[in-house]
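Heads up, the sequence shown is in this note's numbering, so the first residue is 30 and it goes up one at a time.
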Amino acid sequence: MAATFRRHPQDAARINLHEDWEMRYWSDRWNVPRRDIVETVKRVGLQVKDVARALGKDL
């Protein structure tokens, strides 16, 4: 059976910290370590737009 790979988050408006593949997606997209994403989410919440703004990244 072939593995299924998701290329985009299921909910594009929120970051799911509990999905390893999704954390890898955002880390690669913004070119930041996962730890930075987790710390930023703790400060500003799960909304992608808020995290991107706090990291100084584009959506």
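The beta-carbon is built from N, C-alpha and C at its ideal position, and this holds for glycine as well.
Lys86 versus Asp40: straight-line alpha-carbon distance, rounded: 19 Å
For Glu68, does the count of other Cβ atoms within 10 angstroms reach 16, so buried, or fall short, so exposed? exposed
Flag this pair as yes or no: are the beta carbons of Val61 and Val70 separated by less than 8 Å? no
Buried or exposed by the 16-neighbour rule on C-beta atoms within 10 Å, applied to Trp50: exposed
So Val77 packs on Ile44, CB below 8 Å; how close in whole Å? 6 Å
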